[in-house]
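First comes the structure, then the notes that go with it.
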Amino acid sequence: MPVSGGKSDVLITRRPMWRLRIASDAPRYLLCALSLAGILASARFAIAPPRASAPSTSGVSTARPDLAAEGYAVLFARSYLTWNAADPEAAGHGLQQFVAAAAEPDLGRQLPATGEQRVEWAEVVQEREPRAGEHDYTVAAQTDTSGLVYLAVPIERAPGGAVQLAAYPAFVGPPALGTGALQEGVRSVSDPSLRAVVGRALRNYLAGEPSELAADLTASAVVSLPEQGLSLTAIQRIAWDSDGRSVVAVIQAQDSRGEQYTLAYELDVVQAQGRWEVSAVQMDPYS
């Protein structure tokens with residue numbers, strides 16, 4: 031409703047009271063809503079904090095070992111490293127099962143004028159996958175003339191699924207070996223009764239005397255005795271293991287031929303009614 035009473039006009043508009051109240055209270059309502067959202071977000075992070083997503087393992091091979099390919103690599107290494115200069119044809123026949131008829135005879139191997147070589151044992155000690163579908167196996171082979179040699183044998187699967195040689199073999203060096211520190215134990219066992227039980231139990235364990243050993247075992251202990259039979263000749267040290275429930279005994283023993291060994295045995299021990307007993311020796315026969 032326009033009203034004239036001066037140099038300017040004033041326009042007066044009627045509005046419902048509830049709209050005016052909402053307009054005036056809107057900032058307060060907005061502030062309360064933001065505060066409530068912040069409280070809910072804080073509670074959510076406290077109850078169920080976000081977890082970092084697990085790293086992708088797509089680059090790590092989780093496939094099971096290809097036993098057929100490993101066996102093929104070992105058989106090839108045995109044939110490749112076994113030869114007799116007096117019978118070169120036999121050596122060639124040994125390799126024919128691994129190469130196609132059109133391939134280079136004997137894979138380019140030429141035997142010396144004299145001598146022979148046999149493989150005493152061979153096994154796969156390393157594997158790598160240079161490209162998809164191909165495995166390069168390093169085979170360690172103990173020979174009677176060249177000693178221990180390492181032969182890299184590349185293997186692939188043919189379109190039909192058969193294993194076959196993928197390329198020429200290669201003589202390589204051994205896998206990297208570490209020099210681990212021998213376990214010494216945390217602290218020496220000073221209890222004379224425990225030392226006596228450990229020594230007596232190991233003596234009967236090595237000698238294969240189950241009835242004598244049973245006197246120092248717990249009722250629930252299950253122990254598998256070694257087959258060869260050894261005589262305990264000396265105890266170098268007995269120390270507590272880091273778990274505080276077992277001891278490590280480093281001993282000297284010898285077999286029936288007189289060959290001597292330095293060995294370490296871990297024994298789980300418990301104290302019952304003031305007496306020490308052995309609950310396990312080195313290994314669990316059921317695991």
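Number 68 in this note's numbering belongs to position 38 of the sequence shown; there are no gaps in the numbering.
Beta carbons: idealized from backbone N, C-alpha and C, even for Gly.
Burial state of Arg287 is exposed, judged by a 10 Å Cβ sphere holding fewer than 16 other Cβ atoms. Pairing Tyr167 with Ala98 gives a Cβ-Cβ distance that is not under 9 Å. Under the Cβ criterion (8 Å, minimum of three pairs), the segment 219-226 counts as touching the segment 259-271. The DSSP assignment places 261-270, 276-284 as complete runs of the beta strand (DSSP E) inside the segment 232-295, in order along the chain (cut-off: 3 residues).
Inclusion of Pro160 and Val253 in the CB contact set at 9 Å is not warranted, their separation being larger than that value. In this structure, Val129 lies away from Leu141, with their beta-carbon atoms at least 9 Å apart. In this structure, the beta-carbon distance from Ile265 to Val280 falls below 9 Å.
Segment contact: the segment 241-261 against the segment 192-200, fewer than three CB-CB distances shorter than 8 Å; contact not assigned.
Apart from sequence neighbours up to five positions away, the residues of its chain that approach Val149 with a beta-carbon distance below 6 Å are Arg108, Leu111, Thr112, Ala171, Thr173, ordered along the chain. The beta carbon of Glu186 is closer than 7 Å to those of Gly163, Glu164, Gln194, Ala196 in its chain, skipping five residues each way along the sequence. Per DSSP, Leu207 lies in no beta strand (DSSP E) segment and is marked neither H nor E. Across the structure, Leu105 and Gly124 are spaced so that their CA atoms are roughly 10 Å apart. Annotation for Glu242: Asn234 place their beta carbon closer than 7 Å to its own, counting only its chain and skipping 5 residues before and after. In the assembly as shown, Tyr291 is an exposed residue. Its beta-carbon has fewer than 16 other beta-carbons within 10 Å. Using a 10 angstroms sphere on the CB of Pro184, the tally of other CB atoms reaches 16 or more, which defines it as buried. About 31 Å separates the CB atoms of Gln126 and Pro205; that is not less than 8 Å, and the two are not in contact. Counting of Cβ neighbours within 10 angstroms places Leu181 among the buried residues, the total reaching 16 or more.
Shortest Cα-Cα distance from Trp306 to any of Val228, Pro118, Ser261 involves Val228. Using a Cβ distance threshold of 9 Å, Leu224 and Val311 do not count as a contacting pair.
Leu207 is classed as exposed because its beta carbon has fewer than 16 other beta carbons within 10 Å across all chains shown. A straight line joining the alpha-carbon of Glu289 with that of Arg139 spans about 42 Å. Secondary structure at Leu297: strand, using DSSP grouped into helix, strand and coil. Around the C-beta of Leu232, 16 or more other C-beta atoms lie within 10 Å, and the residue is accordingly described as buried. Counting only residues of its own chain and dropping the five nearest sequence neighbours on each side, Arg275 has a CB closer than 7 Å to the CB of Asp298. Secondary structure note for Glu134: it is in no beta strand (DSSP E), with a DSSP letter that is neither H nor E.
Distance from the CA atom of Glu239 to the CA atom of Ala294, rounded to whole angstroms, is 19 Å. For Ala98, there is no enclosing beta strand (DSSP E); the enclosing alpha helix (DSSP H) covers residues 97-111.
Arg158 is the residue among Met313, Arg158, Ala188 whose C-alpha sits nearest the C-alpha of Pro95.
Taking C-alpha positions only, Gly177 is separated from Glu296 by approximately 35 Å.
When secondary structure is reduced to three states using DSSP, Arg230 falls in the helix class.
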